[in-house]
Amino acid sequence: QKEVEQDPGPLSVPEGAIVSLNCTYSNSAFQYFMWYRQYSRKGPELLMYTYSSGNKEDGRFTAQVDKSSKYISLFIRDSQPSDSATYLCAMSMQSGNTPLVFGKGTRLSVIA
Amino acid sequence: GAVVSQHPSWVICKSGTSVKIECRSLDFQATTMFWYRQFPKQSLMLMATSNEGSKATYEQGVEKDKFLINHASLTLSTLTVTSAHPEDSSFYICSAAGQAFYEAFFGQGTRLTVV
Chain X
5 QKEVEQDPGP
15 LSVPEGAIVS
25 LNCTYSNSAF
35 QYFMWYRQYS
45 RKGPELLMYT
55 YSSGNKEDGR
65 FTAQVDKSSK
75 YISLFIRDSQ
85 PSDSATYLCA
95 MSMQSGNTPL
105 VFGKGTRLSV
115 IA
Chain S
10 GAVVSQHPSW
20 VICKSGTSVK
30 IECRSLDFQA
40 TTMFWYRQFP
50 KQSLMLMATS
60 NEGSKATYEQ
70 GVEKDKFLIN
80 HASLTLSTLT
90 VTSAHPEDSS
100 FYICSAAGQA
110 FYEAFFGQGT
120 RLTVV
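In order, the protein sequence lines correspond to chains X and S.
Numbering-wise, our numbering comes out as the position in the first sequence, counting from 1, plus 4.
Numbering-wise, our numbering comes out as the position in the second sequence, counting from 1, plus 9.
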């Protein structure tokens, strides 16, 4: 079993839809959970950062972490064509100077 | 957020030659830099972790003599792919972490094609 599992998609939704992206993990030592957005041939950019369990909201994006289930989610409300990208979940045991373990990434297409 | 600049953004080289990729933290001191490799439709896989002034720590299965990492200053790390072969063709991405931040920042990535 891989440390981080993420459905690679592709996921295609109409503009305005609510998107739900998910990852599961096996290492209970992970404490920091992140979602990155990656456009084609670009480096990842950080979208959401969460420590331990709970919810975090930032504009149209909501991140949820359920450590008891080892399950994290990213919700995108009112999705836009510009949201079309690959979304990667990542996690680590410590912050900053610790390497991240990434999911495979889910490719999302938002159709106008 | 802080800025990490990676250069070049793409490079094509002949099989058997060496290629150097630079990763610079432009506005902060990066005590730790990470090098990842990403194959098409795959996740980012950590290759090595480097701390300024010390030898890099390589992940299992990554040849340290093939992928030379130098982190000589707090703002610059380099990855040199030596004697490159077509199977080394990939997207290489660095990230840098500093003491003042809780996250690491990513460079733009370098697409290496070995022909």
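Ideal Cβ positions, reconstructed from N, Cα and C, are used throughout, including at glycine.
The beta carbon of residue 45 of chain S falls within 9 Å of a beta carbon belonging to chain X, placing the residue at that interface. Scanning the region 60 to 84 of chain S from its first residue to its last, no whole alpha helix (DSSP H) run of 4-plus residues comes out.
Taking the Cα of residue 12 of chain X as reference, the smallest distance to any Cα among X:110, X:57 and X:115 is reached at X:110.
Burial is judged here by how many other beta carbons sit within 10 angstroms of a residue's own beta carbon; residue 52 of chain S has at least 16 and is buried.
When Cβ-Cβ separations below 9 Å define contact, residue 112 of chain S makes contact with chain X. DSSP places residue 95 of chain S within a helical segment (H, G or I) once states are collapsed to three. Going by DSSP, residue 12 of chain S is part of no beta strand (DSSP E) at all; its letter is neither H nor E.
Beta-bridge partners assigned by DSSP to residue 82 of chain X: none are found. Proximity of the region 68 to 87 of chain X to the region 15 to 32 of chain X meets the contact definition, three or more beta-carbon pairs being nearer than 8 Å. Burial is judged here by how many other beta carbons sit within 10 angstroms of a residue's own beta carbon; residue 122 of chain S has fewer than 16 and is exposed.
Here the C-alpha atom of residue 14 of chain S lies approximately 28 Å from the C-alpha atom of residue 67 of chain X. Taking a beta-carbon distance threshold of 9 Å, residue 107 of chain X counts as an interface residue toward chain S.
Following the DSSP letters along the chain, one finds residue 62 of chain X inside the beta strand (DSSP E) bounded by residues 58 to 62. Interface residue (Cβ-Cβ distance to chain S less than 9 Å): residue 41 of chain X is not classified as such. In terms of CA proximity to residue 87 of chain X, X:15 leads the group X:7, X:15 and X:10. Residue 73 of chain S has a beta carbon lying at 9 Å or more from every beta carbon in chain X. Per the C-alpha coordinates, the member of S:80, S:54, S:36 and S:26 positioned closest to residue 11 of chain S is S:36. The beta carbon of residue 41 of chain S sits closer than 6 Å to those of 60 and 106, all from its chain and outside the five residues before and after it, given in chain order. Rounded to the nearest whole angstrom, the C-alpha separation of residue 63 of chain S and residue 17 of chain S is 24 Å.
Around the beta carbon of residue 80 of chain S, a 10 Å sphere encloses 16 or more other beta carbons of the protein chains shown; the residue is thus reported as buried.
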